[in-house]
Structures are given as C-alpha cells and as structure tokens.
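I have placed the structure first, in the form of structure tokens, so that the comments after it can refer back to it.
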Ligand code: AHR
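In the working numbering, the protein residues as written are 572 to 1095.
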C-alpha cells in the first residue's frame, strides 16, 4: 500500500510539475516617459446610510464602551488613516435622494425611515457635524451628494450655506450654536444620485434641467474655496452599457458643451458594479476557480465602459475639463446567509483584492479623464475595507490593496508595455498579468503587477529605462485559495508580505505567486 501511495505521489508530481512552471512575462518601462497624474481621488470611499455602514461601522455614540472620539470608533479611524482616504462620498447612494439634512443637526434629531435599505428606522444621530468630524479625524475631504430626487434646490442651497458660509447669517449662527463656528469645506458636490433610477426615474432631459438649477444655486461660500480649492460639481452620469446610457451621457455632455456663465459642472459620475448578473447571486466566499474567473472577466468590462464614456466626453469636451468620476464601483454579491438582504452584507476575499487592483489599474490608465472613483462601500457594506461586529474589527483583502496603492496617489503615470499572456479556465480567457507604473512626487518609481492566474506563478523581467535602478523592495498579497478571507478569528490570512526583487543591469526580476497583487518600488 505504502509503495502504491509513493508511486501515486510521484505520478501526481510528474503531472503537476510542468503545470506549476513559472510563466515568463517581460515588461518594458521607460521612466522618462510620463503620462497623466493619477489623481488621489481615484482612491475615494463611499459611506451610505445603509445597513451597518455608518451605524456600528463608524458611529457607536459617545456613551459606547467601544473606544471612540465624540462617538466615532477609534479603531476604524486609525485604520482608515493608514490608507490616506482622499474623500468620502456621503450620505448616499439611493439614501441621498430621501435625505433631509435638517433632521440630523442640533440636539433634537428626528427619527425617520430608510425605505431603500431594509426599511429600518434612521436615528439621524449621524448627520452633517458627525460626518465632518469623521472625515476630519481620518484626514479626508467631503464629497456630499445633495437630494435632487425628493428635495428642492432651496433645501440643498441652504445646506451648503449652513456648511460653508462664514458671514453671520441665521444658518451660520445655527451651525455655530451646534458647535462649529468655522465653515466646513466641501470639496465635491454630487448633484443627485442615479437620477435615472432610485434618484427619481428622470429622463436625461429632465435631469439636465434639474442639474442646471442645482449647479446655479447650490453654492459653496467657504472663503477658502473661492479661488483655489473650488468645490467640484459632479453630475449624474451613466449606470451601465447600452443605448440608454450612451443617450444619458450624450445628453449631459451636450448640455455641458453649451453651458453659459450661470452654471457649470466639473465631473460626470459613472456607476458600474461587478455583479456577474442581476440580481447579485455570486457567493462572496465558498466559491471556486469558475466563479473566480467569471467575476474577474466581468470586472474587466470596466475598461470598455470607461473607453466608451470617455469617447463621448471627448466629443463635447476635448480639453477634458469634465472628469469622469466612477463614484460607485466594486463587487456586489449575494447577501451573506442570515443577514438582512437590505443591508448588502458580503465577505471579502482574495478575489476582491485582485478585482480592486484590476479596477485601480484601469482608472490609472485613464487618468487623463478618470479623476475620481469611490469604491462601494467603506465599511460593512458590499466590497468593504473594514468589517465590524460590535467591538471587533477586521481588515479585508481589499483594504490591503488600497494600502499597497497609497504611493500611487497623485503619482505620475508611466506607461508599461508587456504581452500579458493568457490564463484560461473553461470558457473564460483572461490576461495572465496586469501592470501599471508611476513616479511618485519624489521621483521614485513604483510598479504594480497582478498575477490573475490562480495556478501558475509568473517570472517578471522588467527592463527599466530612464532611471539608474539599484535595488527594489516590495510587498505581495496572496493566500492559499481564491476565496480566502480574513475573519474576526483569523484576521491575518490575507495580508501583504515582503517580496524580494532583484535589480541587475537595468533589469528588475521577481517571481509572482499565483493569484497575487504585488507592489514594488525601485531605488535609484
Ligand atoms: O451602493 C448601493 C447602491 O447602489 C447605492 O445606494 C445606489 O446608488 C446604487 O444603486
């Protein structure tokens, strides 16, 4: 029996050994050839009043036993600081078009309903002041979505006056009485959310007429945002592929082309989730290579969508003044068993880490037009950075990707040429690798390489021109299985680990593990 087993083992080794041989991929990088700036806002987050995204995820209240600062969880704040969150989009999502800001300021908060998300009550204990406190604690900027669907231009205009004005108006005095005499900064303003659907089911023409009114009257009065740091106004853009979305993009951009002094927009949003198919039914954990490859194939559709939308925008805005802002993106899977389906609770696996890297790379390659993106959503909802359960907190594989990409924030894109090769599984064919490079503000070269192949390692040989490379160091994120996750009990299953890279004669070599995300920096 023993010899039979040994024989079997040898045969398996003989069969699998050639399969595991590393594939070679050559990259070519000329660091003197640079492209657009990779705007730090590509790494934005989204926090909606949905499930436990805000309540329990961020807000536990000042009386909670969970360590907090003015009601905001200290563990979450510390963790988010480490990924340099540039901006947080709030309060929705669909929630934004039913949100009435006055109900969540001051000592008396109204309890309202959240019909979009689980039909639960909304305590409104987390409102404008708490949001601004939160983003201040994590060092991010505010991306506020105003209510176009069920609100009015007056309501939105007054909210902006309340937040940003310095002159002693009645609203400013009210803000001061509520604890904040100095004006808040609002960096980005979303004029509605999915106004073609949950935001009011508007036709493109109807939306455009609303958008012009909001753009005109919803002003930012912060004295520090008048010349420099002006608030960017983001119009609702398309939500998918097909003629409906082409029409929507055309209508908004055509209007922009003819805009007069009295209104303007600086961005057009785009939403695109990786779902596979609606309604979301792919499992977020407990899946195999088939679901892994199908979801990655689906996520790579982002490239085509951005190219199509950019082409329309180029027609009406050849100078690329209007940014494309992918302010909702990420994996959207079946709700975890036992959770409220309206809370959009899902696990976050190694597959999501790879999905995140692929999307961030697509955004970086389109950095001349795509200057903002917000992953959905920051905590406990959809493709989250952080999961919490009462006092417990765990960081997801996606969180670590955002951490590894921090050096790419505001770095300058450097083109990389390579033959990606091919990984196939069943009917699905995917590029074996993906890669981007960029120079940070100090001129250091950074390289990200993703190995999509879950079975085979890849040997990378990168020729580096335009710099005198001396050494390279980096980190890689991988795990035993495509659906490996971090849990409250085993929080370190999918975390980045150091990787060794060799630099010799202007060439960088390193070996990538199967299904991995790797970031290396090159010392000169
Ligand atoms: O992120 C969840 C929801 O997805 C948002 O509220 C909405 O804008 C989108 O449909």
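By construction, the Cβ of each residue, glycine as well, lies at the ideal position given by its N, Cα and C atoms.
Only a predicted model underlies this, so the values are computations on that prediction, with no experimental measurement involved.
| query | result |
| --- | --- |
| Same chain, Cβ closer than 6 Å to residue 803, neighbours up to 5 away in sequence not counted | 759, 837, 838 |
| Contact between the segment 813 to 821 and the segment 920 to 929 (3+ Cβ pairs under 8 Å) | no |
| Minimum C-alpha distance to residue 646 - residue among 966, 1025, 1007 | 966 |
| Exposure of residue 675, with buried meaning 16 or more beta-carbon neighbours within 10 Å | buried |
| Coil, strand or helix - residue 654 by DSSP | coil |
| Alpha carbon of residue 748 to alpha carbon of residue 679, nearest angstrom | 13 Å |
| Proximity to residue 931 [Cα-Cα], best of 1090, 603, 762, 663 | 1090 |
| Segment limits, alpha helix (DSSP H) that includes residue 757 | Looking at the DSSP string, residue 757 is not in any alpha helix (DSSP H), and its letter there is neither H nor E. |
| Separation of residue 1028 from residue 582, as counted between CA atoms | Bear in mind that the predicted position of residue 582 carries a pLDDT of just 38, short of 50, making it unreliable; the figure below should be weighed with that in mind. Straight-line Cα distance between these residues: approximately 21 Å. |
| Straight-line Cα distance separating residue 620 from residue 1077 | 51 Å |
| Residue 821 - DSSP class collapsed to helix/strand/coil | helix |
| Residue 801 - DSSP class collapsed to helix/strand/coil | coil |
| Backbone CA spacing between residue 995 and residue 1053 [nearest angstrom] | 15 Å |
| Near the ligand AHR: residue 512 beta-carbon under 8 Å from a heavy atom | Since the first residue shown for the chain is 572 and the last is 1095, residue 512 is missing from the structure and cannot be characterised. |
| Touching by the beta-carbon criterion (3+ pairs, under 8 Å), the segment 904 to 912 and the segment 998 to 1016 | no |
| Buried or exposed by the 16-neighbour rule on C-beta atoms within 10 Å, applied to residue 1026 | exposed |
| Three-state class that DSSP yields for residue 983 in the structure shown | strand |
| Distance between residue 662 and residue 718 (C-alpha atoms, nearest Å) | 10 Å |
| Residue 881 beta carbon less than 9 Å from that of residue 937 | yes |
| DSSP-derived helix/strand/coil call for residue 924 | helix |
| Proximal residues to residue 865 (C-beta, below 8 Å), its chain only, five neighbours per side dropped | 847, 853, 999 |
| Distance between residue 929 and residue 973 (C-alpha atoms, nearest Å) | 12 Å |
| For residue 1042 and residue 623, the rounded distance between their alpha carbons | 44 Å |
| Beta-carbon proximity list for residue 1108, same chain, < 6 Å, skipping 5 on both sides | As displayed, the chain neither begins before 572 nor continues past 1095, which places residue 1108 out of reach and without an answer. |
| The segment 940 to 958 / the segment 890 to 908 touching (three or more Cβ pairs under 8 Å) | yes |
| Where residue 1095 falls: helix, strand or coil (DSSP) | coil |
| Distance, residue 1087 Cα to residue 1047 Cα | 7 Å |
| Segment limits, alpha helix (DSSP H) that includes residue 716 | It is not in any alpha helix (DSSP H) - residue 716 instead sits in the beta strand (DSSP E) that spans 712 to 717. |
| Endpoints, alpha helix (DSSP H) assigned at residue 635 | Note, residue 635: premise wrong, no alpha helix (DSSP H); not H, not E. |
| Residue 663 Cβ short of 8 Å to the ligand AHR heavy atom set | yes |
| Own chain partners of residue 947 with C-beta closer than 6 Å, once the 5 adjacent residues on each side are dropped | 617, 899, 901, 953 |
| Alpha-carbon to alpha-carbon, residue 637 and residue 962 | 6 Å |
| Alpha-carbon to alpha-carbon, residue 593 and residue 586 | In this predicted model, residue 586 has a pLDDT of only 39, less than 50, meaning its place in the structure is not dependable; the value taken from the coordinates is given anyway. Straight-line Cα distance between these residues: approximately 15 Å. |
| Segments of 4+ residues assigned as alpha helix (DSSP H) that fall wholly inside the segment 676 to 715 | 699 to 709 |
| The ligand AHR heavy atom lying under 8 Å from the CB of residue 718 | no |
| Residue 566, DSSP secondary structure in three states | Within the shown structure, residues of the chain are numbered from 572 to 1095, placing residue 566 beyond reach of any answer. |
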